[in-house]
Amino acid sequence: MNVLRTLWFRLQPFLRRRKIEAELNEEIRTHLEMAEEAHAAAGLSREEARREFGGVDQVKEAYRDERGVPWIESILQDVRTAVRSLRRIPGFVALTLVTLALGVSLNTTAFSFLDALLLEPLPFPGLNRLVQIYRTAPGQLFGPNSPGDLFELKEQKGMFSGLAIVDFPTYSLAVPGQPAERVSAFAVSGDFFRILGVPPLLGRVFGPEEDAVGHDAVIVLSYEYWRRRFALDPGVIGRTLRMNGTPVTVIGVMPRPFRFTRLFGSRDIWKPLAMGSKLATKRDGRWLSAIAQLKAGESLAEAQAKMTAIAARMAKDNPKSDANSGFYVGPLGKEPGGGSIMIWMIMGLAFSVLLIACANLANLQLARNSGRSREFGIRLSLGSTRPRLVRQMLTESLILSLAGAVLGVACAWGVNRYLEARFAIVGEDSSLMLPISGRVLAFALLAALGTGALFGTLPAWIASNVSPNAAIRISGAGITSSRSRHRLRSVLVVSELALTLSLIAGAGFFFQGIMRYKPGAVGWRSDHVVTARVALPSSPYNSADKCLAFYDRLYAELAATPGVEAPIICDLFPTGGFYYSHPMITEGKEAPPSGKEPVCDMNTVTPGFFHALGIRLLRGRDFADSDRPGAPMVAIVNETMAKKLWPNQDPIGRRICAVDSELREWLEVVGVVSEIGFQAEVNTGRAMQYYRPIRQVGGNYFSIAARTTLAPEAIKNLLSKAVFRVDPDQAIYELTTADQAFEDYNRANHTFASGLAVLGVSGLLLSALGLYGVISNLVVERTPEIGIRIAMGASFTQVVWAVMRQGARLAAVGIPIGLFGAWGLVRILASSFPGSAKTNPLMLASSTALVLAVTFLACWLPARRAARMEPMTALRAE
Amino acid sequence: MPEKSELLQGTLDLLILQALQSGPIHGFGLSLRLREMSRDVFQVEMGSMYPAVCRMEARGWIRGEWSVSEANRKARYYSLTPLGRRQLAVERAKWERLSSTINLMLQAAS
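The listed protein sequences derive, respectively, from chains A and B. Residue numbers for the first sequence follow the numbering used here, beginning at 35 and rising by one. Residue numbers for the second sequence follow the numbering used here, beginning at 368 and rising by one.
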């Protein structure tokens, strides 16, 4: 309390400076008057009274010291001085602020990615005891689990204090009487909500008693879905909806922060994972995720050890499915393996831009301070101390840094909003949020202040190294210890050049990698095609016949829909590439050794598919309505496959078989079509592809598509209605045009690539600016010398070379260092991203060329200016 | 002129508190009173008295208020606060302990 009062009392001068000063004057005046009167009354002189009082100013100073807080006072004074002197040089301030804002905003945005994707903790209480269980197997690190393994684990007493199994199905959900809508769900076992420990916003959540078949007709809504579909109506609790045609009751709504975006993506609803005993013991398929709660007091390592033992036992019990497989237990929400490396790399690239910005700012500061040598010299000779001068220059830097931080964060905020929009993908709700969180803000501030300290300290120290005598006697530049200043500037420019080259090579590496995967239709037409997905639930669509009937009726409905030309039903519409690939053997030829069979991509389609997408039928026939179960099994292969399997022979009538199919069905080739591709740059015409009639294969999940001239909105209704007429409980989802689908993929890629380009270009620009500044400054300092040279008859070329030689010397050191750094960086990157080129001489060469060109330009401009100088003007500048 | 002595470090606060005990007084009066109290032995520098007054006001021991003097002159009057009265007792006790200890030590030495 006492301390607070004292502090308050002492802070008053800052708030009421004038009043307090006036009061002190008044008090001393009164004192003196009274003393004078008293002395006069005693017959003494007035001067005596004043003498007795002592020095008025000293008293005042002593009083002020007691009254104020000296260090705050002197800092405030520094700030005032700094602001005054900055106001006189708007150009310097503007350049500094732009540089800082650029560096800080790039880093803040990069850091907000890092924060959102890696640092932000999941909103679950007791997170430190939650783990995720992965299955590891040769060729698959951190994979999903099989139901058999997980249910066995679940029964194991004493392993965990809770284990939740998570599946990711989709359902058709309908409010009775309205068309169904496709929803994404988490199907979770009963422990799920208990171990995550997040209570519902409304209603209740389900527990273990509801994850048994027959008791599972309940769902919990996510906040987003509740908002989107039910407009936040609390009356939704207890309502009965139709899910896949059967009634389910809504029992709860989860709160908004209960998002799984980072863990499993965001989904619409939660539903009990009720698995029949047949499915629950299945081990030869792994698709489930598992979250477990460690027992109190147990460490991750202990759990991992126990799980390793269990994996060994499972491998012995089920050699067919579980041999060579292990378990990996990792903290929940921490991506295992190197998935995060990309983000750290981007952060590193952004950081190097900040370093370049630092070097630039230091250079700017040096240039400015060299012009202030005279001022410093005078101040030193008037009794100021060197630390005091340094402190004042640091104050200036810090003020600029703070302003830069504010600007940078403001820019980053805007950029983040833009990026969020660009990364949004149709059909997924706000998948990436990049808020400026407290952590991000702290980072930005730290980056800006760190930059301020870095670019403020050294130049300040050097500039203050002035001999007062020299400063007053000589005018102009070159008074400070110009050698140390020049050395520092050279070091700065060299490191800038080296950093820039590494940065451009690193950004170029990613850029190339991204641009190689440029999705697009190759060899087929994606224009005017609308496509959507349909998923038939296994009840009532539990047989191939029922699915087949659905295809037939839907195909007829689509064909009869006005505005729809050439309807298609296929397993996966080609914007997504091929989903299945099988090792194949051919009839009448010796089969290659197991594992060496040619692997071919496969799609299942309806008749008219090739025609609708402009894929050329080269030989034989298209599929026909008569290619059904019971009729001979047929296939259409592409050119490449035909040539590979039957070189120089007619493929029509030959038979092929997928080695890994359970039935070992032999398919007769009835046609040959041209090859299709999905990635403009990568496809080189060597993919083996074949097609089967969808009616002979079946499947509950498929795409529908149609070539149309209608607007997407209109066709959406028509497609929905067509499905509704076939079965009102079914819905289409992910409706998009083929071009739009490609564009979505491309947009995310493009945004990412442009981000990298921005990083590279910013670095390049900044270091060009830095080099330009340094060379220009040298020219200014050498003006008299150059003037004499010109007067003595030096030619244009000679002068240009004299100036450019200095830039060339810096480049000769900086660029080899940068090249070495770039080479190392690309090697490290290449080893983290398998499949990318190990070294890329062309890219390194072009990066070097780019940096060299910019270096040349940055030196050429000041050199030309120097060479065009009027010798008389130059000499007069002395 | 009597010989002027330097005040012992830390005793100025005690003396000012003691001087204010007999009632509110302005700066000049305070300087006179301090001199009287010491029978003109101590010369209190204004450069020490005013900062001390300021410090004690910050600590809440004394309070300064503008008021009008007998001679109808505006002046800042300082008075003891309850906290200051307590502090005076504390400082006195401290001083008495110190001086009696020093006395004892001097007697023991002689």
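Heads up, the beta-carbon is just placed ideally off N, CA and C, and yes, glycines get one too. None of these values were measured; they are calculated from a predicted model.
Ends of the beta strand (DSSP E) at residue i?
i      : result
A/G711 : 711–713
A/Y205 : 204–208
A/W700 : 700–707
A/V814 : Looking at the DSSP string, A/V814 is not in any beta strand (DSSP E); the run it does join, the alpha helix (DSSP H), is 772–815.
A/Q166 : 164–171
A/Y362 : 360–365
A/A555 : 553–556
At least one CB of chain A closer than 8 angstroms to the CB of residue i: is that the case?
i      : result
B/E403 : no
B/A442 : yes
B/M413 : yes
B/P391 : no
B/G451 : no
B/F409 : no
Along the chain, where does the alpha helix (DSSP H) containing residue i start, and where does it finish?
i      : result
A/V888 : 875–901
A/L275 : Here A/L275 belongs to no alpha helix (DSSP H); instead the beta strand (DSSP E) covers 274–277.
A/A665 : Here A/A665 belongs to no alpha helix (DSSP H), and DSSP marks it neither H nor E.
A/I344 : 334–351
A/R653 : Where A/R653 is concerned, there is no enclosing alpha helix (DSSP H), although the beta strand (DSSP E) it sits in stretches over 651–654.
A/I229 : 226–230
A/W680 : Neither: A/W680 is in no alpha helix (DSSP H) and is coded neither H nor E.
A/G89  : It is not in any alpha helix (DSSP H) - A/G89 carries neither H nor E in the DSSP assignment.
Residue j and residue i - do their beta-carbons sit closer together than 8 angstroms?
i      : j      : result
A/F776 : A/P553 : yes
A/L531 : A/A845 : yes
A/A308 : A/V254 : no
A/G286 : A/G360 : no
A/C392 : A/A135 : no
B/W433 : B/R426 : no
A/L651 : A/R559 : no
A/G687 : A/V707 : no
A/G438 : A/A396 : no
A/G196 : A/A326 : yes
How about residue i: is its C-beta nearer than 8 angstroms to some C-beta of chain B?
i      : result
A/G88  : yes
A/Q166 : no
A/D112 : no
A/D99  : yes
A/A75  : no
A/Q92  : yes
A/A487 : no
A/A384 : no
A/A532 : no
A/A96  : yes
With DSSP as the reference, label residue i as helix, strand or coil.
i      : result
A/G461 : Its pLDDT being 44, under 50, A/G461 is placed unreliably by the model, and nothing is read from it.
B/S448 : This sequence places Thr at residue 448 of chain B; Ser is not what is there. Coil, per DSSP.
B/N439 : coil
A/T620 : strand
A/P178 : coil
A/T315 : coil
A/L156 : coil
B/G431 : strand
A/A406 : According to the sequence provided, residue 406 of chain A is Arg. The question's Ala does not apply to it. Coil at A/R406, not helix or strand.
A/S615 : strand
A/T514 : In this prediction, A/T514 has a pLDDT of 47, which is less than 50 and means its spatial position is unreliable; nothing more can be read from the coordinates.
A/W321 : coil
A/V216 : Before going on, a small fix: residue 216 of chain A reads as Arg here, not Val. Looking at A/R216 - three-state DSSP - the assignment turns out to be strand.
A/M636 : strand
A/D149 : helix
Taking 7 angstroms as the line, does the beta carbon of residue i fall inside it for any heavy atom of the ligand GDP?
i      : result
A/A444 : In terms of ligand content, the structure shown is empty, and the ligand GDP therefore cannot be addressed.
Report the residues of the stretch 50–69 of chain A with a CB closer than 9 angstroms to any CB of chain B, ordered along the chain. Taking 9 angstroms as the Cβ-Cβ cut-off, the stretch 50–69 of chain A approaches chain B at E57, L58, E60, E61, I62, T64, H65, L66, E67, M68, A69, given in chain order.
Scan the stretch 417–435 of chain B for residues whose Cβ lies nearer than 9 angstroms to a Cβ of chain A and list them as they occur along the chain. Y417, P418, A419, V420, C421, R422, E424, A425, R426, G427, G431, W433
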